[in-house]
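Structure, as structure tokens:
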Amino acid sequence: MIRDPEKPIRTRPLPDEYPGVHSMDEDEVEAAVRVVRSKSLYRYYGVNPQHEVSAFEAEFARFIGARHAVAVTSGTSALHTALCALQVGPGDEVIIPAYMWVSVVAAVVNLGAIPVLAEIDETFGLDPADVERKINPRTAGIIAVHMNGCAVNIPRLAAIARRHSVFLLEDCAQCVGATVAGRRVGTFGDVAIFSFQLNKNMTVGEAGAVVTNDEHLYRRVVAIQDSGYSRSDTDELQMDDATSYGWGRGVRMDELRAAVLRVQLRKVETTIERMRHSKSRILESLYPRQQIAFRRRIDPAGDTSCFLLTIFPHRDTAREINRLMRLHGITTKSPDTSNILLANYGMHVYYNIPSLVQKIGTGKHGFPWTLAENQNSVYSYERGACPASDDLFERTQLLVIPSCLTTQDEEDIIESFHQAMDAVLGPVTSMTSRLDQREYLTSPCG
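Residue numbers 8 to 453, in our numbering, belong to the letters of the sequence shown in order.
So this is what it looks like as structure tokens:
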């Protein structure tokens with residue numbers, strides 16, 4: 008009997024993606040209540056200071072393996088603060104990937120610099136070869152974005168940055184806890200940023216951090232996230248020329264968020280292990296499929312596994328398989344972001360950002376596109392600017408891997424994949440191993 012390929016497999020939505028949320032319990036409640044009862048929610052002083060932000064910064068730096076961490080209000084403010092500390096401004100170009108989040112572009116543009124798009128490869132991060140082609144005398148630095156829970160080829164990008172004497176900023180917003188050869192992402196570049204927004208591996212709703220091993224950058228970050236000046240050991244502002252770092256942004260984290268994040272940090276590795284277990288099981292089931300590929304992972308063991316990226320041979324194939332899987336019920340309560348083609352992934356894709364495509368300025372005079380310092384930086388951001396990336400966007404399906412999938416949830420996803428691919432690509436006829444694909448698989452855990 009031939010099964011109707013459009014018949015639903017499940018009627019109940021999959022769990023929402025929010026990894027850190029699924030681990031929340033009374034521990035976070037107690038941490039929050041403790042701070043509220045102290046009546047000291049500001050990090051630098053209060054009725055009964057708890058020093059939660061300072062404690063979180065020390066614990067997070069230790070977790071990442073960096074010398075310094077500075078807690079801020081969001082991943083976006085972390086980007087702005089880091090680029091300010093790097094003294095990016097008019098006349099500078101900053102290389103960014105075609106696949107990222109709009110905040111990356113905004114941080115560059117708001118400082119008067121020009122973003123330069125570079126292709127992504129099958130790591131879904133910057134293609135090192137294209138980055139090297141894009142470097143010119145105006146290049147100030149590179150922003151390497153670790154998208155969807157897994158590292159880009161960061162060792163090679165770090166080598167390119169060193170060779171050309173430009174900065175490397177790691178955007179680890181979607182990648183808390185990922186590693187390359189046992190080394191945490193966020194420690195390969197000059198500076199790194201993290202996000203603890205709702206969708207991230209650990210969360211407090213909205214917050215971020217800047218991480219660095221560079222003492223001078225650290226001092227600048229501390230001042231810029233505050234009021235533009237250093238603070239003494241007793242947290243008093245040092246308002247003299249020697250401690251001035253320009254204009255502060257006032258993006259300090261508060262004690263309440265830090266207290267909750269300290270709890271989330273203790274749970275993040277367990278959260279990641281749960282996603283790894285689910286993703287590994289799904290991947291193993293798809294391994295015999297010769298017609299598809301998966302995201303290339305330079306270190307599969309370091310993937311936090313919060314997303315599965317499946318690459319199909321043709322655009323139409325990807326569209327039809329995705330359509331069928333969505334009809335099967337393989338979506339969360341937010342179906343437009345849980346199981347989609349990358350081309351439809353909103354402002355993660357460069358040509359889906361109208362303000363970038365149209366070069367909309369931050370003020371009425373068209374800043375920064377109209378600045379004299381940027382007159383030689385003329386680039387297009389319309390679809391077609393990165394053709395290799397455009398092709399991947401059209402052929403790749405993104406599926407979120409929540410941190411609380413049940414065995415039945417996993418089985419439904421597996422069944423849907425196979426039914427959709429049987430209908431579109433034909434049934435599996437060979438179980439031959441694909442040795443070239445083994446790097447894409449993570450060992451089962453849990």
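From the three backbone atoms N, C-alpha and C, an ideal C-beta is built for every residue, glycine too.
Please classify Gln404 as buried or exposed, where buried requires at least 16 neighbouring CB atoms within 10 angstroms. Its Cβ being crowded by 16 or more others within 10 Å, Gln404 is buried.
For Gly82 and Gly215, believed in contact at Cβ under 8 Å, the rounded distance: With 8 Å as the limit, Gly215 and Gly82 qualify as a contact, their Cβ atoms being about 4 Å apart.
Beta-carbon within less than 8 Å of Ile360's beta-carbon, same chain only, minus the 5 sequence neighbours each way: which residues are those? Excluding five sequence positions before and after Ile360, the CB atoms of its chain that fall closer than 8 Å to its own CB belong to Val109, Val112, Met354, Tyr388, given in chain order.
Once you ignore the five residues that flank Ala39 on each side, which residues in its own chain have a CB closer than 7 Å to its CB? Take Ala39, set aside five residues on each side of it, and the residues of its chain with a beta-carbon closer than 7 Å to its own are Leu263, Ala266, Val267, in chain order.
Under the three-state DSSP convention, the category Asn143 falls into: In this structure, Asn143 counts as coil in the three-state DSSP scheme.
Could you name the residues of the same chain whose beta carbon sits closer than 6 Å to that of Leu175, not counting the 5 residues immediately before and after it, in chain order? Excluding positions up to five away in sequence, the list reads Ile149, Ala165, Ala168, Gly196, Asp197.
Does the Cβ-Cβ distance between Ser234 and Gly257 come in under 8 Å? Cβ atoms of Ser234 and Gly257: closer than 8 Å.
Checking 8 Å against the spacing of the C-beta atoms, do Ala73 and Asn220 come in under that value? Yes, Cβ-Cβ distance for Ala73 and Asn220 is below 8 Å.
Integer-rounded CB distance, given that His29 should sit under 8 Å from Cys411: Going by Cβ atoms, the distance from Cys411 to His29 rounds to 4 Å, so yes, they are a contact pair.
Thinking just about the alpha-carbon of each residue, which of Glu59, Thr146, Thr80, Ala151 is nearest to the one in Glu126? Comparing Cα positions, the closest option is Ala151.
For a test of the three-state rule: what should DSSP assign to Leu448, helix, strand or coil? Since pLDDT at Leu448 reaches only 35, below the 50 mark, its modelled position is unreliable, and no value is offered.
Checking the sheet assignment: what are the DSSP bridge partners for Thr18? Assignment of beta-bridge partners to Thr18 by DSSP yields no partner.
Three-state secondary structure (DSSP) of Asn55: If DSSP states are grouped into helix, strand and coil, Asn55 belongs with coil.
Among Leu331, Leu118, Thr130, the one whose alpha carbon lies nearest that of Thr88: For Thr88, the closest C-alpha among the options Leu331, Leu118, Thr130 is that of Leu118.
Taking all protein chains shown into account, do 16 or more other C-beta atoms lie within 10 angstroms of the C-beta of Val385, making it buried, or fewer, making it exposed? Using a 10 angstroms sphere on the CB of Val385, the tally of other CB atoms stays under 16, which defines it as exposed.
Asn346 - containing beta strand (DSSP E), residue span: Unbroken beta strand (DSSP E) run through Asn346: 346 to 348.
If I measure Cβ to Cβ from Leu48 and keep anything under 7 Å in the same chain, skipping five residues before and after, which residues do I get? Excluding the 5 residues flanking it on each side, Leu48 has same chain C-beta neighbours closer than 7 Å at Val42, Asp261, Glu262, Leu263, in chain order.
Looking at the structure shown, is Leu279 part of a helix, part of a strand, or coil, going by DSSP? Checking the sequence, you will find Ile at residue 279 rather than Leu. Per DSSP, reduced to three states, the secondary structure at Ile279 is helical.
Using a Cβ-Cβ cutoff of less than 7 Å, which residues in the same chain neighbour Arg158 once the five nearest sequence positions on both sides are dropped? It should be noted that the sequence gives Ala, not Arg, for residue 158. Within the same chain, Ala158 has close Cβ partners Cys182, Ala185, Val187, Val192, Ile305, Asp306, Gly309.
Buried versus exposed, by CB contacts within 10 Å (16 or more), Ile217: Correcting the residue type first, residue 217 is Val in the shown sequence and not Ile. Burial is judged here by how many other beta carbons sit within 10 angstroms of a residue's own beta carbon; Val217 has at least 16 and is buried.
One question on the structure: do Ile231 and Cys91 come within less than 8 Å of each other, judged by their Cβ atoms? The beta carbons of Ile231 and Cys91 sit closer together than 8 Å.
Of the listed residues Thr311, Asp343, Glu422, nearest to Ser154 (C-alpha basis): In the sequence as displayed, the identity of residue 154 is Met instead of Ser. The residue from Thr311, Asp343, Glu422 with its alpha-carbon nearest to that of Met154 is Thr311.
Could you tell me the distance, in whole angstroms, from the CA atom of Glu13 to the CA atom of Arg288? Put simply, the backbone Cα of Glu13 is about 24 Å away from that of Arg288.
Could you check the C-alpha separation between Pro122 and Val77 for me, to the nearest Å? Approximately 25 Å, taken between the alpha carbons.
Tell me the rounded alpha-carbon separation between Glu422 and Glu59. About 46 Å.
Taking only runs that begin and end inside the stretch 331 to 378, name each unbroken alpha helix (DSSP H) of 4 or more residues, in chain order. List check, alpha helix (DSSP H) in window: 342 to 345, 361 to 364.
How big is the Cα-Cα spacing for Pro375 and Arg402? Approximately 34 Å between the Cα atoms of the pair.
Are Asp397 and Arg390 close, meaning C-beta to C-beta below 8 Å? In contact: Asp397 and Arg390 (Cβ atoms closer than 8 Å).
Does the beta-carbon of Tyr236 have 16 or more other beta-carbons within 10 angstroms, so that it is buried, or is it exposed? Flag for Tyr236 reads buried.
Kindly indicate the opening and closing residues of the alpha helix (DSSP H) around Ala427. Run containing Ala427: 414 to 432, per the alpha helix (DSSP H) assignment.
Ile299 versus Lys46 - alpha carbon distance: Counting only the Cα atoms, Lys46 lies some 56 Å from Ile299.
With Ile167 as the anchor, note down where its alpha helix (DSSP H) starts and where it stops. Segment 161 to 171, the alpha helix (DSSP H) holding Ile167.
Own chain, CB closer than 6 Å to Arg441, minus 5 neighbours either side, in chain order: For Arg441, the predicted model reports a pLDDT of 46, less than 50, meaning its position is unreliable; a value from the coordinates is still stated below. If we look at Arg441 and ignore the five residues flanking it on each side, it has no Cβ neighbours.
In whole angstroms, what is the alpha-carbon distance linking Arg44 and Glu37? Our two residues, Arg44 and Glu37, have alpha carbons roughly 10 Å apart in a direct line.
Just mark Gln365 as buried or exposed, buried being the case when its beta carbon has 16 or more other beta carbons within 10 Å. Result: exposed.
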